[in-house]
Amino acid sequence: MSKSVRDDEELLIVRSQRGEVDAFNQLVLRYQQTVYSAVFRLLGNYDVASDVTQNTFIAAYRSIQSYRGSSSFRSWLLRIGSNMACDHWRSVHRHPVESLEELTEEDEAHSSSLLSILATKEVESNPEAMLLSQEFQGVIQQGLQQLPLDQRVAVVLCDIQRLSYEEIATTTQATLGTVRSRIARGRGRLRTYLRQHQELLPHKYRLNTDSSL
Amino acid sequence: MAKQERHFTITELSAFLDGQLSAQEQALCEEHLKGCEQCRQTLAELRQTVALLHALPPPVLPRSFLLSAEQATPPAAVRTFNEIRPVLPLRRVARPSYVQNALRNLSVLAAVIGLFFLLSGIFSASFTGPSGGHSTSAPALSFASQHPAPTATATPPPAAPNVAETPTVKITKPDANTHPVVQPLVFTLLQVLLAAFDLSTQQGRALTGLMLLAIGIIGFFVITRRQRS
């Protein structure tokens, strides 16, 4: 971020702290993609992610007085967003019957999408299909959702939001050692999960084709 | 050497990938990887996993999340609460509700006990009929019987003037009834209060019951209202 943009952001934050909604909304425009992406990767449902994102910005606006600038505004928002996403996840998965229904529904949708991707083999032969297909994005998302919550948060913040280990430690209120091991275990599990879905990967991303350092 | 015998753990390899090991560990790991196919494979897989996550495009925004004027002006109570605990906005609902529920149940319990006392006070008063008329003196008497020490010194009034010639604090206390001016006002109040809430009298029971009932009801409504907001 350039210096002028940062100064501009500081001004917007100060104005928001004075209660100017317009100023805060400019921050919303700037960060809504970030927060929504993180929340969506944590929860895997567009509608729910949408609600949680909105609530995150409302909560952020209401507590903006407490933002002191010790961390970046982006990681402060991600902290609120990931906390709210986790709260939501826990509240839903506290009721096993509900989550069981959800799971079978997802599984059906999942297997049908697997079939459809197997049917469209040209995705792989097409050199432009280096981008991940919609279906494979779904597979990665499924993999993420299978991770324990703490590992999922760590992986999303590290490998999708690209926060530093220190920022993740502050965001999740954990030690650096804990952050390191959560990221590692999350990645390890995800690797195992993705290996089971190797055949869906574009060649570039095949796990065992490229073993060079 | 150890570096040849021991494989690196996932945690170490993952940290190595992000350059999070110390310089010494980083070098040791590099050295080990040269000769260890297994660790090289694990590292490659971790790297590919990370590459896949990096390649995930951000999801398309379903709508704008701009705050409306309504969303921006919260009720005053919510605002102050958020200022105190800004980071865990959802969790705040979950935790205090425990305490609040317990407090609410306690309030209900207090109200029920209070009602019981109140009724027992009223009913025994109406059953005993005329004795209720004497109840003004009853609390004082029963209090006296419970606390014999002060009354014992207070009962012989002729002795009091003699003792009063040596003005010590100790003596002014017992002859409370005979020397109302000397006696501290607080003590009188305390005595009246204790007598008023004496459970062995009808009035005391009724009064105690009434107070418990009031506390219980007020507590219940205050907590319920706070939970709703």
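Line order of the protein sequences matches chains C and V.
Last residue of the first sequence: 213 (the numbering used here), numbering continuous.
Last residue of the second sequence: 1229 (the numbering used here), numbering continuous.
Every residue, glycine too, gets a C-beta built ideally from N, C-alpha and C.
Apart from the five residues on each side of it in sequence, which residues of its chain come closer than 8 angstroms, Cβ to Cβ, to residue i?
i: leucine 176 (chain C); result: Tyr165, Glu166 and Ala169
i: arginine 1047 (chain V); result: Leu1017
i: valine 1112 (chain V); result: Gly1216
If you follow the alpha helix (DSSP H) that residue i is in, where does it begin and where does it stop?
i: serine 75 (chain C); result: 73-93
i: aspartate 1198 (chain V); result: Premise fails: aspartate 1198 (chain V) is in no alpha helix (DSSP H) and is neither H nor E.
i: aspartate 159 (chain C); result: Taken as a continuous stretch (DSSP letters only), aspartate 159 (chain C) belongs to no alpha helix (DSSP H), as it is neither H nor E.
i: threonine 183 (chain C); result: Residue identity differs from the one stated: residue 183 (chain C) is isoleucine in this sequence, not threonine. Per DSSP, isoleucine 183 (chain C) belongs to the alpha helix (DSSP H) from 176-195.
i: threonine 1009 (chain V); result: No alpha helix (DSSP H) contains threonine 1009 (chain V), which DSSP labels as neither H nor E.
i: phenylalanine 40 (chain C); result: 21-43
i: glutamate 1031 (chain V); result: 1023-1035
i: aspartate 7 (chain C); result: 3-17
i: serine 57 (chain C); result: Before going on, a small fix: residue 57 (chain C) reads as phenylalanine here, not serine. Segment 46-62, the alpha helix (DSSP H) holding phenylalanine 57 (chain C).
i: valine 139 (chain C); result: 134-145
i: glutamate 1070 (chain V); result: 1069-1072
i: tyrosine 165 (chain C); result: 165-172
Keeping to the same chain, check which residues put their C-beta closer than 7 angstroms to that of residue i; ignore five residues upstream and five downstream.
i: proline 1086 (chain V); result: Any answer about proline 1086 (chain V) is weak, because its pLDDT of 45 lies below 50 and its placement is not dependable; what the coordinates show is given next. Nothing meets the Cβ criterion.
i: glutamine 17 (chain C); result: Ile64 and Gln65
i: glycine 186 (chain C); result: Leu147, Gln151, Arg152, Ala154 and Val155
i: histidine 1007 (chain V); result: Cys1036, Gln1038 and Cys1039
i: alanine 85 (chain C); result: Val39, Leu42, Leu43 and Val52
i: isoleucine 1122 (chain V); result: Ala1206
i: alanine 49 (chain C); result: Tyr36, Val39, Phe40 and Leu43
i: leucine 1118 (chain V); result: Ala1206, Gly1209, Leu1210 and Leu1213
i: leucine 1033 (chain V); result: Cys1039, Arg1040 and Leu1043
i: arginine 15 (chain C); result: Ala23
i: valine 21 (chain C); result: none
i: aspartate 87 (chain C); result: none
Within a Cβ cutoff of 6 angstroms, which residues of the same chain sit near residue i, ignoring the five residues on either side of it in sequence?
i: glutamine 141 (chain C); result: Gly44
i: phenylalanine 136 (chain C); result: Leu200
i: tyrosine 67 (chain C); result: Trp76
i: threonine 1120 (chain V); result: The amino acid at residue 1120 (chain V) is misidentified as threonine; the sequence shows serine. If we look at serine 1120 (chain V) and ignore the five residues flanking it on each side, its Cβ neighbours are Arg1205.
i: leucine 1043 (chain V); result: Leu1013
i: arginine 79 (chain C); result: Thr171
i: glycine 1219 (chain V); result: Ser1107
i: tyrosine 31 (chain C); result: Leu77
i: threonine 1049 (chain V); result: none
According to the neighbour-count rule (16 or more other Cβ atoms, all chains shown, within 10 Å of its Cβ), is residue i buried or exposed?
i: alanine 1102 (chain V); result: exposed
i: glycine 81 (chain C); result: buried
i: leucine 29 (chain C); result: exposed
i: leucine 42 (chain C); result: buried
i: phenylalanine 1221 (chain V); result: exposed
i: leucine 1109 (chain V); result: exposed
i: leucine 1185 (chain V); result: exposed
i: histidine 231 (chain C); result: Nothing can be reported for residue 231 (chain C): it is not among the residues displayed for chain C, which extend from 1 to 213.
i: serine 4 (chain C); result: exposed
i: threonine 134 (chain C); result: Looking at the sequence itself, residue 134 (chain C) is glutamine, so the reference to threonine does not match. That one is exposed.
i: glutamate 10 (chain C); result: exposed
i: alanine 1023 (chain V); result: exposed
i: glutamine 1041 (chain V); result: exposed
i: glycine 1114 (chain V); result: buried
Report the rounded CA-to-CA distance for residue i versus residue j, giving the unit in angstroms.
i: histidine 1054 (chain V); j: arginine 180 (chain C); result: 18 angstroms
i: lysine 121 (chain C); j: aspartate 159 (chain C); result: Interpretation of lysine 121 (chain C) is limited by its pLDDT of 40, a score under 50 that renders its predicted location unreliable; the figure taken from the coordinates is listed afterwards. Cα-Cα distance, rounded: 28 angstroms.
i: isoleucine 1223 (chain V); j: alanine 1072 (chain V); result: 26 angstroms
i: leucine 1212 (chain V); j: threonine 1188 (chain V); result: 23 angstroms
i: alanine 1069 (chain V); j: isoleucine 58 (chain C); result: 11 angstroms
i: leucine 1106 (chain V); j: alanine 1214 (chain V); result: 13 angstroms
i: aspartate 150 (chain C); j: arginine 182 (chain C); result: 7 angstroms
i: arginine 90 (chain C); j: threonine 1011 (chain V); result: 26 angstroms
i: cysteine 1036 (chain V); j: aspartate 1018 (chain V); result: 20 angstroms
i: leucine 190 (chain C); j: glycine 143 (chain C); result: 6 angstroms
i: glutamine 1026 (chain V); j: serine 71 (chain C); result: 28 angstroms
i: asparagine 55 (chain C); j: arginine 162 (chain C); result: 23 angstroms
i: arginine 1226 (chain V); j: arginine 1104 (chain V); result: 11 angstroms
i: valine 139 (chain C); j: histidine 197 (chain C); result: 8 angstroms
i: glutamate 1045 (chain V); j: glutamine 1100 (chain V); result: 50 angstroms
i: arginine 6 (chain C); j: tyrosine 46 (chain C); result: 30 angstroms
i: aspartate 8 (chain C); j: leucine 1067 (chain V); result: 20 angstroms
i: glycine 1216 (chain V); j: asparagine 83 (chain C); result: 36 angstroms
i: glutamine 1020 (chain V); j: leucine 1052 (chain V); result: 20 angstroms
i: aspartate 1198 (chain V); j: tyrosine 1098 (chain V); result: 34 angstroms
Quick one: which chain A residues come within Cβ less than 8 angstroms of residue i?
i: arginine 191 (chain C); result: The structure shown contains no chain A; its protein chains are C and V.
Residues in the segment 1008-1024 of chain V having any Cβ partner in chain C nearer than 9 angstroms: Thr1009, Ile1010, Thr1011, Glu1012, Leu1013, Ser1014, Ala1015, Leu1017, Asp1018 and Gln1020
Near-chain C residues of the segment 1047-1078 of chain V (beta-carbon distance less than 8 angstroms), N- to C-terminal order: Gln1048, Thr1049, Val1050, Ala1051, Leu1052, Leu1053, His1054, Ala1055, Leu1056, Pro1057, Pro1058, Pro1059, Leu1061, Pro1062, Arg1063, Ser1064, Phe1065, Leu1066, Leu1067, Ala1069, Gln1071, Ala1072, Pro1074 and Val1078
Residues, ordered as in the chain, of the segment 172-184 of chain C that lie near chain V by beta-carbon distance below 8 angstroms: Arg180, Ser181, Ile183 and Ala184
Near-chain V residues of the segment 44-59 of chain C (beta-carbon distance less than 7 angstroms), N- to C-terminal order: Tyr46, Ser50, Thr53, Gln54, Phe57, Ile58 and Ala59
Contact set between the segment 64-79 of chain C and chain V, restricted to residues whose Cβ is under 7 angstroms from the partner: Gln65, Ser66 and Arg79
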